[in-house]
Amino acid sequence: SSARFVSAGRTDTGVHAMGQVVAFDTDKPKLAIPRVINSKLPGDIWAWSRAEVDSDFHPRRYARNRTYRYITPSMDADISKIRAACSILEGSHDFANFCFRDNGRSTIRRIEKIDVRLAGNLLRIDITANSFLWKMIRKIVTVLLLVGNGARDLEWLENMLDPASYEEGIKPAKPYGLILTDVNYGDSVQWFDDGYSMRRSRERIEEYLVYHQVLAEVMDQFLPKE
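Under the working numbering, the first residue of the sequence shown carries the number 4, and numbering increases by one thereafter.
What follows is the structure in structure tokens.
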């Protein structure tokens, strides 16, 4: 049978989520707990917390903001240039050059914060905004890397934020590095974590981690040796 539900965000194929919020009505509230829901879900989807909300609650419209993290190889990019670019992107702008147009929707969005950190040879880019356009985050990542590796400068970035006088297509970064990490509702939603479901999901993630660590070493064996 089919189920009717509404989610807080629509992620592209290949994008991950650890903070997705899904709302639905049920006539069996005692069964609407993560460990029961997980028994009916595919193996790569897990619920780990629950909240009871008013009947008019909408997870997308009621969200104060959302945070995504993108993880990518640093490729010796200049992090000071990337942070300077982040400062330009923060605030309200027309992001028409940073998205795929979607049925005439306004392309003006407000980015609250972009935080960039080095973690070994990887960059972690956290972006928080009230809402995002289609592929907006992945195109922002592409732009930040272009500035960071010196292919483009900050003046070009400022031009990109003025689509009325300057247009340029930007290829979005790969989807596999993107994670929806948090949807913020302030104090309006009271969450109750399911300890059992959290332990089980942690065990499953650790299994995936070992699998991919081994697979990375296997792939390395196929690289030509000097």
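Note that the Cβ used here is the ideal one computed from N, Cα and C, for glycine as well.
Note that the structure is a prediction, hence the values are computed from the model and not measured.
Checklist entry - Which same chain residues, not among the five before or five after M163, have their C-beta less than 6 Å away from its C-beta? => result What you label residue 163 is simply residue 160 of the sequence shown in a count that begins at 1. The answer, listed in chain order, is N100.
Checklist entry - Are D196 and S52 touching if we call contact CB-CB under 8 Å? => result For this step, residue 196 is matched to residue 193 along the sequence shown. For this step, residue 52 is matched to residue 49 along the sequence shown. A Cβ-Cβ contact shorter than 8 Å links D196 with S52.
Item to check | For L92 and I2, believed in contact at Cβ under 8 Å, the rounded distance | outcome: With the chain covering 4 to 229 only, the question about residue 2 has no answer from this structure.
Next on the checklist: Do I82 and V56 count as a contact pair if the criterion is CB distance below 8 Å?
Outcome noted: By one-based count along the sequence shown, residue 56 stands at place 53. By one-based count along the sequence shown, residue 82 stands at place 79. Annotated as distal: V56 and I82, with beta-carbon spacing of 8 Å or more.
Checklist entry - Which whole-angstrom value is the C-beta distance of Y73 and I140, which I expect to be below 8 Å? => result On the sequence shown, position 70 is the one that residue 73 refers to. On the sequence shown, position 137 is the one that residue 140 refers to. Right, their Cβ atoms sit about 6 Å apart.
Checklist entry - If you count every other CB in all the chains shown that lies within 10 Å of the CB of T75, and 16 or more means buried, which is it? => result If you number the sequence shown from 1, residue 75 lands on position 72. Classification for T75: buried.
Next on the checklist: If I measure Cβ to Cβ from R113 and keep anything under 7 Å in the same chain, skipping five residues before and after, which residues do I get?
Outcome noted: Residue 113 sits at position 110 when you count from the first residue of the sequence shown. Hits under 7 Å: G94, S95, A132 and N133.
Checklist entry - Opposite A122 in the DSSP bridges: which residues? => result The residue labelled residue 122 in the question sits at position 119 within the sequence shown. The partner list for A122 (beta bridge, DSSP) reads L125.
Checklist entry - Within this structure, are the beta carbons of G172 and K84 separated by less than 8 Å? => result Residue 172 sits at position 169 when you count from the first residue of the sequence shown. Residue 84 sits at position 81 when you count from the first residue of the sequence shown. Not a contact, by the Cβ cut-off of 8 Å.
Next on the checklist: Does E207 come out as helix, strand or coil in the three-state DSSP assignment?
Outcome noted: For this step, residue 207 is matched to residue 204 along the sequence shown. Reading off the sequence, residue 207 comes out as Arg, not Glu. In the structure shown, R207 sits in a helix (DSSP, three-state: H, G or I).
Next on the checklist: Can you tell me whether I117 is buried or exposed? The criterion is at least 16 other CB atoms within 10 Å of its CB, across all chains shown.
Outcome noted: Position 114 of the sequence shown, counted from the first residue, corresponds to residue 117. I117 sits buried, since 16 or more C-beta atoms from the chains shown fall within 10 Å of its C-beta.
Item to check | Residue closest to Y169, alpha-carbon to alpha-carbon, out of D97, E206 and Q193 | outcome: Taking the sequence shown and counting its residues from 1, the one referred to as residue 169 is at position 166. Measuring from the Cα of Y169, the nearest candidate turns out to be D97.
Next on the checklist: Spatial neighbours of A54 within its chain, please: C-beta separation below 8 Å, excluding the five flanking residues on both sides.
Outcome noted: Start at 1 with the first residue of the sequence shown, and residue 54 comes out as number 51. Taken in chain order, the residues that qualify are V192, Q193, W194 and F195.
Item to check | Neighbour-count burial assignment, R202, 16 or more Cβ in a 10 Å radius | outcome: Here the question's residue 202 lines up with position 199 in the sequence shown. Flag for R202 reads exposed.
Checklist entry - Excluding the five sequence neighbours on either side, which residues of its own chain have a C-beta within less than 6 Å of the C-beta of D15, listed in chain order? => result Residue numbering aside, residue 15 sits at position 12 when the sequence shown is read from its first letter. Cβ within range, chain order: P178.
Checklist entry - Under a Cβ-count criterion, where at least 16 other Cβ atoms within 10 Å of its own Cβ denotes burial, should R155 be classed as buried or exposed? => result Working through the sequence shown from its first residue, we reach residue 155 at position 152. The residue is buried, with at least 16 neighbouring Cβ atoms inside 10 Å.
Checklist entry - Which residues in the same chain have their Cβ closer than 7 Å to the Cβ of S77, if we skip the five residues on either side of it in sequence? => result Counted from its first residue, the sequence shown places residue 77 at position 74. Correct list, in chain order: L121, N124, L125 and L126.
Item to check | Cβ-Cβ distance between W137 and C102 below 8 Å | outcome: Start at 1 with the first residue of the sequence shown, and residue 137 comes out as number 134. Start at 1 with the first residue of the sequence shown, and residue 102 comes out as number 99. Closer than 8 Å, so yes.
Checklist entry - Would DSSP call S95 helix, strand or coil? => result The sequence position of residue 95 within the sequence shown is 92, counting from 1. Strand, per DSSP.
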